[in-house]
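Novice: Sharing a structure with you now.
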Amino acid sequence: MGHRIWQTDTSMKHAQRLAALAAAAGLAISAAAADVQVLTGPLGQPGALVAYDDATGLALAPPAPELQGVQLLPLVLNGQSGQTALLPAGPRWLDEPAGLGRIELPGRGGVLYRFVRHESSGARTYGFLRALPDGTLARLAERPGAGPQQLDDPYLGRAALAPDLRSLLVATTFAAGGDVLEVRLDTGVVRDRTPQLPPLHLRGPSLRIAPQWMVAAADEGVLRGDRAPAARMTRVASIPPAALVTGELVLSPSGTWALTTLGSDATHLDAWSFGPTGDATRMNAAPAELTGAGYLPDAPHGPFLAVSDDGQWAGWTSVLVGKHELFMRERPAQATPVETQVTADAYFADTLEEIGVLGIFSPGELTAAVGEVAPLAEGGIENLDFFRVRVDATGAPVLENATQTSGQTAAPFLATPQLSPSHLRWVPEANAYVMFDDLGSGDGRLVSVTPGVTGVQLLAAGLKEITFLERVGARLVVGVRLSTGQRQHQVLTLPVDLSSAPALLVDGGNDAFLEPVTSDPRWLAFQEVPDVGVRRLHRVRLADGLHQVFPVAADEFGSPVAVTASGALAFSFVVAGTPRLVAWPTGGAAPVLLRVPGGFGAVLPGH
Numbered sequence: 129m130g131h132r133i134w135q136t137d138t139s140m141k142h143a144q145r146l147a148a149l150a151a152a153a154g155l156a157i158s159a160a161a162a163d164v165q166v167l168t169g170p171l172g173q174p175g176a177l178v179a180y181d182d183a184t185g186l187a188l189a190p191p192a193p194e195l196q197g198v199q200l201l202p203l204v205l206n207g208q209s210g211q212t213a214l215l216p217a218g219p220r221w222l223d224e225p226a227g228l229g230r231i232e233l234p235g236r237g238g239v240l241y242r243f244v245r246h247e248s249s250g251a252r253t254y255g256f257l258r259a260l261p262d263g264t265l266a267r268l269a270e271r272p273g274a275g276p277q278q279l280d281d282p283y284l285g286r287a288a289l290a291p292d293l294r295s296l297l298v299a300t301t302f303a304a305g306g307d308v309l310e311v312r313l314d315t316g317v318v319r320d321r322t323p324q325l326p327p328l329h330l331r332g333p334s335l336r337i338a339p340q341w342m343v344a345a346a347d348e349g350v351l352r353g354d355r356a357p358a359a360r361m362t363r364v365a366s367i368p369p370a371a372l373v374t375g376e377l378v379l380s381p382s383g384t385w386a387l388t389t390l391g392s393d394a395t396h397l398d399a400w401s402f403g404p405t406g407d408a409t410r411m412n413a414a415p416a417e418l419t420g421a422g423y424l425p426d427a428p429h430g431p432f433l434a435v436s437d438d439g440q441w442a443g444w445t446s447v448l449v450g451k452h453e454l455f456m457r458e459r460p461a462q463a464t465p466v467e468t469q470v471t472a473d474a475y476f477a478d479t480l481e482e483i484g485v486l487g488i489f490s491p492g493e494l495t496a497a498v499g500e501v502a503p504l505a506e507g508g509i510e511n512l513d514f515f516r517v518r519v520d521a522t523g524a525p526v527l528e529n530a531t532q533t534s535g536q537t538a539a540p541f542l543a544t545p546q547l548s549p550s551h552l553r554w555v556p557e558a559n560a561y562v563m564f565d566d567l568g569s570g571d572g573r574l575v576s577v578t579p580g581v582t583g584v585q586l587l588a589a590g591l592k593e594i595t596f597l598e599r600v601g602a603r604l605v606v607g608v609r610l611s612t613g614q615r616q617h618q619v620l621t622l623p624v625d626l627s628s629a630p631a632l633l634v635d636g637g638n639d640a641f642l643e644p645v646t647s648d649p650r651w652l653a654f655q656e657v658p659d660v661g662v663r664r665l666h667r668v669r670l671a672d673g674l675h676q677v678f679p680v681a682a683d684e685f686g687s688p689v690a691v692t693a694s695g696a697l698a699f700s701f702v703v704a705g706t707p708r709l710v711a712w713p714t715g716g717a718a719p720v721l722l723r724v725p726g727g728f729g730a731v732l733p734g735h
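Letter by letter, the sequence shown follows residues 129 to 735 in our numbering.
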């Protein structure tokens, strides 16, 4: 195939359409659509964004000035928990080394990054970057750095996405104006939602955007506003000023209600629920040490706050004498609420002192995991059961052990539960949680738990561990290590509705872990990581099980990995200390070396 440069007739028309859109909407677009974009240079340092052709490995055009001196910055998506990683229609936050944390949009909607550009004048420009599957780059919400030298980051490193995935809610620092900004991803239009307010000390984790309204919290108060183009956010007047506004915030499942915490200090906090309009209600009876919301990257097994879609019920977690205790109550009319301590000693053994995964699936009923504290590296909670919780007319909790691994069906629950989950994921097609339960014995199992259904459903047994649990199209793929025989590593697959048992996809060896690197609706790519020696990169096509191995073994395969428009994998690797970047076609063609100067760089996935 000849050298394809972007100035072909079709590509030029595409670029002209993008340029017209940019001129109309104030959206900055890169000079070319490309097969793959590469940030050249050593990771963590300023470099140039260069478009490469995945068939020839040649650069398509020199980088424009606005694509030079670019350095990626950390970006965290609010409201993410480990259990939401497999949602098919939701965004996904991926934490990567060297500042390559990114937000993947579903349905090939692109990938969001945050960046700083080091200008030749010495000043800096900050903004957001959207990489699309065809390699097009859109620069969003660019603004000069704060401070007298225009060097300081004007943005908080947290963001929220609208459910329709068309808007990004971000905030600026107090020094940069302290505003809440809504950024349209399709047009690049930036709407200041707090222009009438003086600069605010905004809390990044509080940002949320729902179908009909937006929420944020600042030291100056809790804010809300509707989504109309000219709407402005205002303070929720019924929530009194507080010395500490935590910014810990959760929305109800449909985004119609919110719950947040604030108070005089970290040990004297109140939980306040509120909707798009009307007064807020303090849910707890007296100030207490309340935990955070329980989202990533702060907690691996949350969330720890919950509120129902009608705003009538809320659940939260308090720290009492060093133990986490679950509380729940109905929104009352009276000013002083009556709360129910669900995990009081009368109902649970005092060793069951850790709460996780709160969720209200129907008004008045809370699903919660109750177990023991585990080392944070192992997930923070172990030896648990899932419970359905209601409150009767007297305020007493009505508890039902949904999984019953302790053997006890009714309170008091004094025996130790047996679930020790990792890779806990919510799978909406099956209306169930899927998890690995190690059973504390090295002979674990893959199971599912359905809220409202008693018991644990066995999916696969005889597993020593799970190395990954991912979604590829309409299937789940699971990397496992068997607990018997040679303890070989395998990749299993099963439908997302859990309608059939797992099937063997890849049968690996017994001395190398299988770790995923990327997936698209057709392929799963993973690397074989031995205890000692070089690594291998594999990919398997789920439709027919076609298994391919990259022809070069490497000391390291870089992350992230991009999937180009043609389906090729683009990635970096290191052999004997020498870095290289390649595009690996899905057909029988040989890998194509990307002609990146010095071989230093990282691909920017747009899939």
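Ideal Cβ placement from N, Cα and C applies to all residues, glycine included. Remember, it's a predicted structure, so these values are computed and weren't measured experimentally.
#1: Return helix, strand or coil for Gln618, following the three-state DSSP convention.
#2: State the Cα-Cα distance for the pair Gly661 and Asp683, rounded to the nearest angstrom.
#3: Would you call the region 286-305 and the region 321-332 in contact, with 3 or more CB pairs under 8 Å?
#4: Taking the C-alpha atoms as reference points, what is the distance between His617 and Arg708?
#5: In the DSSP output, what is Glu232 paired with across the bridge?
#6: Give a yes or no on whether the C-beta atoms belonging to Val720 and Pro688 are separated by under 8 Å.
#7: Any Cβ of chain D within less than 8 Å of the Cβ of Val308?
#8: Does Thr212 come out as helix, strand or coil in the three-state DSSP assignment?
#9: Please classify Gly332: does DSSP put it in a helix, a strand, or coil?
#10: Beta strand (DSSP E) containing Asn736: first to last residue?
#11: Which of helix, strand or coil does DSSP assign to Leu610?
#12: Could you check how far apart the C-beta atoms of Thr168 and Phe685 are, in whole angstroms? I think they sit under 8 Å.
#13: If you drop the 5 nearest sequence neighbours on each side, which residues of the same chain put their C-beta closer than 7 Å to that of Val657?
#14: Whole-angstrom Cβ separation of Thr479 and Gln532, contact assumed at under 8 Å?
#15: Return the CA-CA distance between Gly273 and Met411, expressed in angstroms with no decimal places.
#16: Have a look at Pro333 and Gly250 and give me their C-alpha separation to the nearest angstrom.
#17: Alpha carbon to alpha carbon, what distance is there between Leu418 and Thr341?
#18: Since Ala589 and Arg573 are thought to touch, with beta carbons under 8 Å apart, how far apart are those beta carbons, to the nearest angstrom?
#19: Curious, which full-length beta strand (DSSP E) runs of at least 3 residues does the region 631-701 contain?
#20: Three Cβ pairs or more, each shorter than 8 Å: is that satisfied between the region 268-285 and the region 307-317?
#21: Considering Pro707, what are the terminal residues of the beta strand (DSSP E) in which it resides?
#22: Does DSSP put Phe432 in a helix, in a strand, or in coil?
#23: Inspect the CB distances between the region 537-545 and the region 468-484 and report whether three or more fall short of 8 Å.
#24: Have a look at the DSSP bridge pairing and note the partners of Phe515.
#25: In its own chain, which residues sit with a C-beta less than 7 Å from the C-beta of Ala344, not counting the 5 before and 5 after it?
#26: For a test of the three-state rule: what should DSSP assign to Leu203, helix, strand or coil?
#27: If you run the structure through DSSP and keep just helix, strand and coil, what is Phe302?
#28: Suppose the cutoff is 6 Å on Cβ atoms and the five residues either side in sequence are ignored; what does the same chain contact list for Pro170 look like?
#29: Excluding sequence positions up to five away, which residues of its chain have a Cβ less than 6 Å from the Cβ of Thr395?
#30: Between which two residues does the beta strand (DSSP E) holding Glu593 run?
#31: Do Leu201 and Arg242 count as a contact pair if the criterion is CB distance below 8 Å?
#32: Within 10 Å of its beta-carbon, does Val466 have 16 or more other beta-carbons around it, so buried, or fewer, so exposed?
#33: Asp320 lies in the beta strand (DSSP E); which residues open and close that run?
#34: May I ask you to report which of helix, strand or coil DSSP gives Gly726?
#35: Suppose you measure from the CA of Ala530 to the CA of Phe514; what does that come to, to the nearest Å?
#36: Roughly how many angstroms lie between the CA atoms of Ala159 and Leu214, to the nearest whole one?
Specialist: So, from the data block:
#1: DSSP places Gln618 in strand when its eight states are reduced to three.
#2: Rounded to whole angstroms, the gap between the alpha carbons of Gly661 and Asp683 is 7 Å.
#3: In short, these stretches touch, since the Cβ pair count reaches three.
#4: Computed Cα separation, rounded: 28 Å.
#5: Glu232 is bridged by DSSP to Arg220, Val239.
#6: Pairing Val720 with Pro688 gives a Cβ-Cβ distance that is not under 8 Å.
#7: Chain labels in this structure do not include chain D; a single protein chain is all it has.
#8: In this structure, Thr212 counts as helix in the three-state DSSP scheme.
#9: Of the three classes helix, strand and coil, the one that applies to Gly332 here is helix, per DSSP.
#10: The structure shown does not extend to residue 736, since the chain spans only 129 to 735, so no value can be given for it.
#11: If DSSP states are grouped into helix, strand and coil, Leu610 belongs with the strands.
#12: Thr168 to Phe685, Cβ: 18 Å. No contact.
#13: Counting only residues of its own chain and dropping the five nearest sequence neighbours on each side, Val657 has a CB closer than 7 Å to the CB of Ala640, Phe641, Glu643, Arg663.
#14: Not a contact, Cβ separation roughly 18 Å.
#15: Gly273 and Met411 have their C-alpha atoms spaced approximately 41 Å apart.
#16: Straight-line Cα distance between these residues: approximately 31 Å.
#17: The sequence as given places Trp at residue 341; Thr does not occur at that position. Here the alpha carbons of Leu418 and Trp341 stand approximately 26 Å from one another.
#18: Ala589 to Arg573, Cβ: 5 Å. Contact.
#19: Segments of the beta strand (DSSP E) lying fully in the region 631-701: 631-635, 640-647, 651-658, 664-669, 675-677.
#20: Judged by pairs of C-beta atoms under 8 Å, the region 268-285 touches the region 307-317, as three or more such pairs exist.
#21: Here the beta strand (DSSP E) through Pro707 covers 706-712.
#22: In the structure shown, Phe432 sits in coil (DSSP, three-state: anything other than H, G, I, E or B).
#23: The region 537-545, when compared against the region 468-484, does touch it at the 8 Å Cβ threshold.
#24: The bridge partners DSSP lists for Phe515 are Ala496, Asn529.
#25: Within the same chain, Ala344 has close Cβ partners Ala299, Val308, Leu330, Ser334, Leu335, Leu351, Met361.
#26: In the three-state reduction of the DSSP assignment, Leu203 falls in the coil class, being assigned neither a helical nor a strand state.
#27: Three-state result, Phe302: helix.
#28: Excluding residues within five positions, the ones whose Cβ falls inside 6 Å are Phe728.
#29: If we look at Thr395 and ignore the five residues flanking it on each side, its Cβ neighbours are Glu417.
#30: Residues 585-600.
#31: In this structure, Arg242 places its C-beta atom within 8 Å of the C-beta atom of Leu201.
#32: A residue is called buried once 16 or more other Cβ atoms fall within 10 Å of its Cβ, and Val466, having fewer, is exposed.
#33: Per DSSP, Asp320 belongs to the beta strand (DSSP E) from 318-320.
#34: Note: Gly726 maps to helix in three-state DSSP.
#35: So the alpha carbons of these two residues sit roughly 5 Å apart.
#36: Only weak support is given to the placement of Ala159: the predicted model assigns it a pLDDT of 37, under 50, and the value that follows is read from those uncertain coordinates. Computed Cα separation, rounded: 34 Å.
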